[in-house]
Every structure is written in C-alpha cells, then in structure tokens.
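See structure below.
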Amino acid sequence: MEVMLVVFLIVLILGIATVFLAHWLPAAGLRATGRDMASTMKYAKYLAKANNGKQVFEIDIDSKTYAVEGRETKKIPSDIAVTILDANLDVIAKGRFSVVFDAMGGNDWHSIILSRGGSKTTIAMDPIVTAVIVDGKR
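Okay, so the sequence shown: first residue is 91 according to this note's numbering, each after it adds one.
As structure tokens, then:
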C-alpha cells in the first residue's frame, strides 16, 4: 500500500511539473528571441558609432528574419508573430522594416512586439540603451 501511495505521489508531481513546463518553455523561447533581437539592435548602434556612419537593422516579417546589414541573418521562430510600431505609431505587420542608426545614435522606430499564444514581449525604443525588453501578457 505504501509503495502504491509513493508511486501515485510521484506521478502526480510529474504531471503537475509537465503542465508547468509545457507553458513555461514557449514563453522562455519568446523572451530569448526578444533579448537576441534587442542585442542585435544594440550591436547595430555601436557599429554606427564605431564607423562614424550609418548602420541598418532590418526585419523581414514575411520571411521571419532579422539582421544587421552585411552581417549574419537570424531566424525568428515560425510560431512567433511580429508586429512593429514605427515612429508615427503606424502598425506594420508584413513586409520589411529597416531601423537606421547613425553615429549620433538616432533611430526611427517605436517598438517591436513579439507574441506567441498568450505571451507577448515588447522591445521598446530607448534613446540611451537603444532597446529595452518589456515582458507582458495579452
């Protein structure tokens, strides 16, 4: 009887842990994509300053890719939806969007919203650090 009780408790704990992990892992992937995208934008800003010129960060929403011009292209997981708000707060949900960084740190975007299921991560424009991650729920 004791063995059956222990086995039941182990199965119950494993079942609860599985449900928790099934919800947590996709949200962690969403946050990781947001952090990587924000760090790539910061890299573009620093390249512009180092070269005393312009550097372009481009997102292709249709093909789910982003890159700093002339550098490695990175993929956005296919189950993540991308929405961009430009400097005028116009919503961009398809096509390509470029953020141009100059040596003075200027840029022309407002925020990038990544969403998967019920989770949402926003990369917001910050004039000092370039991009700030703000996690939230829908």
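All C-beta atoms in this analysis are idealised placements derived from N, C-alpha and C, irrespective of residue type, glycine included.
(request) Can you tell me which of 121, 170, 175 puts its alpha carbon nearest to the alpha carbon of residue 201? (result) Check the Cα spacing between residue 201 and each of 121, 170, 175: the tightest is with 175.
(request) Report yes if the C-beta distance between residue 120 and residue 211 is below 8 Å; otherwise report no. (result) It is a contact, given that the beta carbons lie within the stated cut-off.
(request) Below 7 Å CB to CB, which residues in the same chain sit around residue 152 once its five sequence neighbours on both sides are set aside? (result) Here residue 152 has 184, 185 as same chain residues with Cβ atoms under 7 Å from its own Cβ, once five neighbours each way along the sequence are excluded.
(message) To the nearest angstrom, how far is the alpha carbon of residue 188 from that of residue 108?
(response) Approximately 40 Å between the Cα atoms of the pair.
(request) Determine the DSSP secondary structure at residue 184, reduced to helix, strand or coil. (result) In this structure, DSSP gives residue 184 a state outside helix and strand, which the three-state scheme calls coil.
(request) With DSSP as the reference, please indicate the residues paired to residue 206 in a beta bridge. (result) When beta bridges are read from the DSSP output, residue 206 appears opposite 209.
(message) Just to confirm the assignment, what range does the beta strand (DSSP E) spanning residue 148 have?
(response) Per DSSP, residue 148 belongs to the beta strand (DSSP E) from 145-150.
(message) Tell me the rounded alpha-carbon separation between residue 182 and residue 172.
(response) Between residue 182 and residue 172, the C-alpha separation is close to 9 Å.
(message) Does residue 93 come out as helix, strand or coil in the three-state DSSP assignment?
(response) It is helical.
(request) Below 6 Å CB to CB, which residues in the same chain sit around residue 228 once its five sequence neighbours on both sides are set aside? (result) Bear in mind that the predicted position of residue 228 carries a pLDDT of just 37, short of 50, making it too unreliable to give a figure here.
(request) Tell me, please, which residues DSSP counts as bridged to residue 191. (result) Beta-bridge pairing links residue 191 to 145.
(request) Hey, could you find the ends of the beta strand (DSSP E) residue 176 is sitting in? (result) Unbroken beta strand (DSSP E) run through residue 176: 171-176.
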